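Please read the structure below before turning to the comments.
Number of protein chains: 2
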Amino acid sequence: MSYQPPVREHLFLLRDVLQIEKYANLPGFADAPLDLVEQILTEAAKFSAEVLAPLNAVGDKHGCTWNPDGSVTTPPGFKEAYKQFVEGGWPALGADPAFGGQGLPAVIAMASNEMSSSANMAFSMYPGLTHGAYSAIHAGGSDEQKALYLPKLASGQWGGTMNLTEPQCGTDLGLIRTKAAPAGDGSYRISGQKIWISSGEHDLAENIIHLVLARIEGAPGGTRGISLFIVPKFLPDADGNPGARNQVSCLGLEEKMGIHGNATCVMSHEAATGWLIGEENRGLAIMFVMMNEARLGVGMQGLAQGEAAYQAAAQFAKERLQGRSLTGPKNPDGPADSILVHPDVRRMLMDARAVLEAGRAFIFWTALHADLAQSDPDEGVRQKGEDYMALLTPVLKSYLTERGFQVASDAMQVHGGSGFTEHFPASQYLRDSRITLIYEGTNGVQALDLVGRKLPANGGRAVSAFMAEIDAFVAAHTADAAMKPFADGLAGAKAQLQEATLWLMQNGFANPDNAIAGSSDYLRLFGLTGLAYMWALMAKAANDKIAAGDADPFYANKLTVGRYFLERVLPDAGAALAKVKTGAETVMALPAEAF
Amino acid sequence: MSYQPPVREHLFLLRDVLQIEKYANLPGFADAPLDLVEQILTEAAKFSAEVLAPLNAVGDKHGCTWNPDGSVTTPPGFKEAYKQFVEGGWPALGADPAFGGQGLPAVIAMASNEMSSSANMAFSMYPGLTHGAYSAIHAGGSDEQKALYLPKLASGQWGGTMNLTEPQCGTDLGLIRTKAAPAGDGSYRISGQKIWISSGEHDLAENIIHLVLARIEGAPGGTRGISLFIVPKFLPDADGNPGARNQVSCLGLEEKMGIHGNATCVMSHEAATGWLIGEENRGLAIMFVMMNEARLGVGMQGLAQGEAAYQAAAQFAKERLQGRSLTGPKNPDGPADSILVHPDVRRMLMDARAVLEAGRAFIFWTALHADLAQSDPDEGVRQKGEDYMALLTPVLKSYLTERGFQVASDAMQVHGGSGFTEHFPASQYLRDSRITLIYEGTNGVQALDLVGRKLPANGGRAVSAFMAEIDAFVAAHTADAAMKPFADGLAGAKAQLQEATLWLMQNGFANPDNAIAGSSDYLRLFGLTGLAYMWALMAKAANDKIAAGDADPFYANKLTVGRYFLERVLPDAGAALAKVKTGAETVMALPAEAF
Numbered sequence: 156m157s158y159q160p161p162v163r164e165h166l167f168l169l170r171d172v173l174q175i176e177k178y179a180n181l182p183g184f185a186d187a188p189l190d191l192v193e194q195i196l197t198e199a200a201k202f203s204a205e206v207l208a209p210l211n212a213v214g215d216k217h218g219c220t221w222n223p224d225g226s227v228t229t230p231p232g233f234k235e236a237y238k239q240f241v242e243g244g245w246p247a248l249g250a251d252p253a254f255g256g257q258g259l260p261a262v263i264a265m266a267s268n269e270m271s272s273s274a275n276m277a278f279s280m281y282p283g284l285t286h287g288a289y290s291a292i293h294a295g296g297s298d299e300q301k302a303l304y305l306p307k308l309a310s311g312q313w314g315g316t317m318n319l320t321e322p323q324c325g326t327d328l329g330l331i332r333t334k335a336a337p338a339g340d341g342s343y344r345i346s347g348q349k350i351w352i353s354s355g356e357h358d359l360a361e362n363i364i365h366l367v368l369a370r371i372e373g374a375p376g377g378t379r380g381i382s383l384f385i386v387p388k389f390l391p392d393a394d395g396n397p398g399a400r401n402q403v404s405c406l407g408l409e410e411k412m413g414i415h416g417n418a419t420c421v422m423s424h425e426a427a428t429g430w431l432i433g434e435e436n437r438g439l440a441i442m443f444v445m446m447n448e449a450r451l452g453v454g455m456q457g458l459a460q461g462e463a464a465y466q467a468a469a470q471f472a473k474e475r476l477q478g479r480s481l482t483g484p485k486n487p488d489g490p491a492d493s494i495l496v497h498p499d500v501r502r503m504l505m506d507a508r509a510v511l512e513a514g515r516a517f518i519f520w521t522a523l524h525a526d527l528a529q530s531d532p533d534e535g536v537r538q539k540g541e542d543y544m545a546l547l548t549p550v551l552k553s554y555l556t557e558r559g560f561q562v563a564s565d566a567m568q569v570h571g572g573s574g575f576t577e578h579f580p581a582s583q584y585l586r587d588s589r590i591t592l593i594y595e596g597t598n599g600v601q602a603l604d605l606v607g608r609k610l611p612a613n614g615g616r617a618v619s620a621f622m623a624e625i626d627a628f629v630a631a632h633t634a635d636a637a638m639k640p641f642a643d644g645l646a647g648a649k650a651q652l653q654e655a656t657l658w659l660m661q662n663g664f665a666n667p668d669n670a671i672a673g674s675s676d677y678l679r680l681f682g683l684t685g686l687a688y689m690w691a692l693m694a695k696a697a698n699d700k701i702a703a704g705d706a707d708p709f710y711a712n713k714l715t716v717g718r719y720f721l722e723r724v725l726p727d728a729g730a731a732l733a734k735v736k737t738g739a740e741t742v743m744a745l746p747a748e749a750f
Numbered sequence: 156m157s158y159q160p161p162v163r164e165h166l167f168l169l170r171d172v173l174q175i176e177k178y179a180n181l182p183g184f185a186d187a188p189l190d191l192v193e194q195i196l197t198e199a200a201k202f203s204a205e206v207l208a209p210l211n212a213v214g215d216k217h218g219c220t221w222n223p224d225g226s227v228t229t230p231p232g233f234k235e236a237y238k239q240f241v242e243g244g245w246p247a248l249g250a251d252p253a254f255g256g257q258g259l260p261a262v263i264a265m266a267s268n269e270m271s272s273s274a275n276m277a278f279s280m281y282p283g284l285t286h287g288a289y290s291a292i293h294a295g296g297s298d299e300q301k302a303l304y305l306p307k308l309a310s311g312q313w314g315g316t317m318n319l320t321e322p323q324c325g326t327d328l329g330l331i332r333t334k335a336a337p338a339g340d341g342s343y344r345i346s347g348q349k350i351w352i353s354s355g356e357h358d359l360a361e362n363i364i365h366l367v368l369a370r371i372e373g374a375p376g377g378t379r380g381i382s383l384f385i386v387p388k389f390l391p392d393a394d395g396n397p398g399a400r401n402q403v404s405c406l407g408l409e410e411k412m413g414i415h416g417n418a419t420c421v422m423s424h425e426a427a428t429g430w431l432i433g434e435e436n437r438g439l440a441i442m443f444v445m446m447n448e449a450r451l452g453v454g455m456q457g458l459a460q461g462e463a464a465y466q467a468a469a470q471f472a473k474e475r476l477q478g479r480s481l482t483g484p485k486n487p488d489g490p491a492d493s494i495l496v497h498p499d500v501r502r503m504l505m506d507a508r509a510v511l512e513a514g515r516a517f518i519f520w521t522a523l524h525a526d527l528a529q530s531d532p533d534e535g536v537r538q539k540g541e542d543y544m545a546l547l548t549p550v551l552k553s554y555l556t557e558r559g560f561q562v563a564s565d566a567m568q569v570h571g572g573s574g575f576t577e578h579f580p581a582s583q584y585l586r587d588s589r590i591t592l593i594y595e596g597t598n599g600v601q602a603l604d605l606v607g608r609k610l611p612a613n614g615g616r617a618v619s620a621f622m623a624e625i626d627a628f629v630a631a632h633t634a635d636a637a638m639k640p641f642a643d644g645l646a647g648a649k650a651q652l653q654e655a656t657l658w659l660m661q662n663g664f665a666n667p668d669n670a671i672a673g674s675s676d677y678l679r680l681f682g683l684t685g686l687a688y689m690w691a692l693m694a695k696a697a698n699d700k701i702a703a704g705d706a707d708p709f710y711a712n713k714l715t716v717g718r719y720f721l722e723r724v725l726p727d728a729g730a731a732l733a734k735v736k737t738g739a740e741t742v743m744a745l746p747a748e749a750f
């Protein structure tokens, strides 16, 4: 059995937990009643399972091929699948109807993204980067640029990329050397080398629109002198069709541990023609629109790889017969019991469930806030939505990727020796998922963003609102016996998060290293608290269903996994708090030469 | 800079912490005064760094080649390196002088093994398996078998393997189907297929001695009917030289995620000639001699890969310039500071140090107990040595491999995007190290062994002795101000381990699943407690040096890393205890069909 898209989980979240029907007054939601959402997700599931998933191992084994003419051939089948993907209208799901998109809420697009990412992460990165380029132009482009590029990016007819990294410059974008010289006709000539450009060159789309960070001649040094440019592979002609070939080319592909099906390119710009997006020297602000969206998408990739890996492990565990249950044979007529009877195998599968189910809820819940930030008529709701998006993006990016990778590693462990061979999918999930902890800002950079920028922003308004919302939920449900364990667990986690937050505020002033030394552990504590809140919300929804007489075992199982979370995942919160409160002293004490 | 063998660390442990000069009255130790040990380790370091390490990436990229005649070609350079390895006498370091070995204590051989394993894990598996075969024949073979095989295995002239796994049978050896039929001349005809046989076929040695588990016709079912056989690739002739080719052949190689330089073989025995080792149907007992040795060796592999990965990450961190320290530029004349100034990068490097330095001490300390178990004149000391070996082997195998893999993953993280490419060594360390959590019994099987067998053995004698030893250390040093933090940390960890142990004993009776559901967390708690003890021992040694006026910053740095361990690693003990005490209820509650 291969990947089975978790549409049942998606519908539970959308209908019962987030209750998206409450938002039918908002654009996007208005056009997506639940029965239509179910239809869309069912179709997306079918496409992911039947078209994308069978190509996942193919992509891993074949990889991409760089040809001496600078072109790149994607793995067998990718081109045909991409054609179907575009024809099915999937790239346009969440795009603006003004530019040919379907205008569905982000929370629904997120469900669809999860499925394509689980089915084939390397493939789904091509449309993923395209959507990022779409969003940056949507946010910062001129009306002319929008009209020219957005419809073709929204449909997937053209692809998009982000050209940020250079050999000497990854996280520290102030070190960028790529140059832009005004050509006198409103365009620029872009020159420089970019590395690690995902989807930088391929044979899927008829054109590729590179968004390139570069420094205009005479611009200030550092990050204040960086501008963003549109550099198309083929320059659009007067009709907006691909015209002359631009001087941007792929010099080669990176050999890497995973995501072999996605072309990671060295890109050379040799006086390539580009057009400024937005104002001079303000490129990073627009690039961050793209980056923030990408970061949430990477969080989802981490989750999605975890989900696919979990499914493979669960299936293996049910089929592999080895040993006997310590409480008596469960398959007495067979040569052995399935390894699902062994508590330590269960533990790994339950860990996966406890984290994945709540992680999915957390990212959906946050995406819903992104929708509300866009279109809720109430300014307070919009502001809270924006605050939550800003605050939680680094948490979701890092925590879900770290846990997704852990799930993929545990999934390999469930497979035993089989998992280490390339005959089973566990290795690919482990290798593919590992990049999610690194790209779009390493997880440590996310932790720095959370503690250094997002927490103190607006006097701590976002984190205060998040904790107040939790307090209100706890107060409302602590008297309900069925909800009490969840309310208690949540209250405990929130108290620890609050203590850690206060500690960081008090001690980060004295020495900023004190705050950053604990930032990754603080982020984990934040992630655990968020998951505890999601389990409480899910438990409430499941309890309500059960109380209303719904006998679907789905709800009782949900409560079981939730209790497992409280007992066996949440205890890590205490350790994270203790680590946060140690500060920077021993972290920084060794002299550099001692490493 | 490539791998730098940590001889300074080895000498600190052997001289100052374990004080091996105290054992000069024992065989092995008598012939290895510290100056000779230093010479040997310095030579081993040179060989590892100069001959083995440069072949590590070569082995990964080229892998092994299966040829249509069933032969296997190892990666370029391996054959020459193996020849040098044998000529240098390295395989014989720990072997019995009666069979051509050098008879060095296990604790010293362990230091040498660490270095070859860090330098080139895939290569070092060839002599590693050979030593396992040596040990099994040494333990269970007849005098004739010993005389015939041991000198050639000890010298490395011949290689060795373990043939256990079959497609339907990994952990559950009772399912073995390979058959042995008496040939009437004292030999047997062995028939069956074995998979995942490390070093099963190669071009390094002139003969390969397979130790094969098989079922003699008519033997009882399950594990009580399994015998162990010697099946040489070439049957020894009357002079003990390789003679006729035996009917054992390699059908192909496994494609796997890592350790590409080691040939993982599908082996076919087609009425191959074999000789019984020991008694009929008692094969598992002898195989476990080999397996226990191998398990300790795998723990060392996990540590060794972590060490190599840490070194690569530390080097990268010192060289990569990106961003500025939050407390002011540390490299003001450069374009940026090295990333070593960032607390979250330090955190990952310090985590590695805190675990690797104490992990190395723990495995050396245990190997020393193995030496004492062999040769101490005091029966009580011998028994304690045996008890500790039995108790701690599963802890070291699982805990050090889990942490070693975590270090390798963090080392990739320190590299950022570079780490995910195959141009840097981080990917190979991550991929190679991952198998250590799986082979020689998965880490979950080790946890089951610890909780189900090793804890209750002899009424809990081993764990009681271990905890009493810790109590005595704490009592002796708690009044020493310099030692108090270490004594307190150790006492806290030991109290938690004791509480967890009692909980398991009390609740495992009612339902064995209760004990096993928490077995992996219990093992982690045991590992943390062991590391806390080792940090206390190392702190004592370092403090003594400092008190004696030794100004080498090595000792002050050791104390710093130790304090880091107490503050930022040991807090996980509380979470592990909490998880142990939840038992099996939620772990086992979901019906099988819900997975």
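Line order of the protein sequences matches chains A and Z.
156 is the number of the first residue of the first sequence in the working numbering; add one for each residue after it.
156 is the number of the first residue of the second sequence in the working numbering; add one for each residue after it.
Ideal Cβ placement from N, Cα and C applies to all residues, glycine included.
In this text, all values refer to a predicted model and were calculated from it rather than measured experimentally.
Pick out whichever of the options has its Cα sitting closest to the Cα of residue i.
{"i": "Z:E557", "options": "Z:G315, Z:L527 and Z:G454", "result": "Z:G454"}
{"i": "Z:R589", "options": "Z:S310, Z:L319, Z:G461 and Z:L523", "result": "Z:G461"}
{"i": "Z:A772", "options": "Z:L585, Z:P667, Z:K695 and Z:L207", "result": "Because residue 772 of chain Z is not part of the residues shown, which for chain Z are 156 to 750, the question remains open."}
{"i": "A:Y677", "options": "A:D668, A:L659 and A:L686", "result": "A:L659"}
{"i": "Z:K177", "options": "Z:F278, Z:E410, Z:L527 and Z:C324", "result": "Z:L527"}
{"i": "Z:S354", "options": "Z:S346, Z:H293, Z:S279 and Z:A731", "result": "Z:S279"}
{"i": "Z:A655", "options": "Z:E372, Z:V606 and Z:A697", "result": "Z:V606"}
Give the C-beta separation of residue i and residue j to the nearest angstrom, bearing in mind that I take them to be a contact with Cβ-Cβ under 8 Å.
{"i": "A:P260", "j": "A:F384", "result": "Going by Cβ atoms, the distance from A:P260 to A:F384 rounds to 31 Å, so no, they are not a contact pair."}
{"i": "A:P365", "j": "A:T316", "result": "Looking at the sequence provided, one finds His at residue 365 of chain A rather than Pro. That pair is a contact at about 5 Å."}
{"i": "A:K349", "j": "A:N318", "result": "4 Å"}
{"i": "Z:A277", "j": "Z:D587", "result": "7 Å"}
{"i": "A:G244", "j": "A:Q257", "result": "7 Å"}
{"i": "A:L495", "j": "A:A464", "result": "Contact flag wrong, Cβ pair sits at about 16 Å."}
Closer than 7 Å by beta-carbon distance: list the chain Z residues that pair up with residue i, in chain order.
{"i": "A:A730", "result": "P726, D727, G729 and A730"}
Under 9 Å between beta-carbons, which chain Z residues line up against residue i? List them in chain order, please.
{"i": "A:E624", "result": "Within chain Z, no residue comes near A:E624; the closest Cβ sits about 26 Å away, beyond 9 Å."}
With 8 Å as the threshold, decide whether the Cβ of residue i is near any Cβ in chain Z.
{"i": "A:A747", "result": "yes"}
Is the CB of residue i under 8 Å away from at least one CB in chain A?
{"i": "Z:I590", "result": "yes"}
{"i": "Z:L166", "result": "no"}
{"i": "Z:Q348", "result": "no"}
{"i": "Z:Q568", "result": "yes"}
{"i": "Z:Y594", "result": "yes"}
Find the residues of chain Z that neighbour residue i, judging by a C-beta separation of less than 8 Å, and give them in chain order.
{"i": "A:L495", "result": "A747 and F750"}
Please compile the residues from chain A whose C-beta is within a distance smaller than 8 Å of the C-beta of residue i.
{"i": "Z:I701", "result": "Here the premise fails: no neighbours, minimum Cβ distance about 16 Å."}
Any residues in the region 502 to 522 of chain A with a beta carbon nearer than 7 Å to a beta carbon of chain Z? Which ones, in chain order? R502, L504 and M505
Residues of the region 650 to 678 of chain A in Cβ contact with chain Z at a cutoff of 9 Å, in chain order, please. N666, P667, D668, N669, A670, I671, A672, G673, S674, S675 and D676
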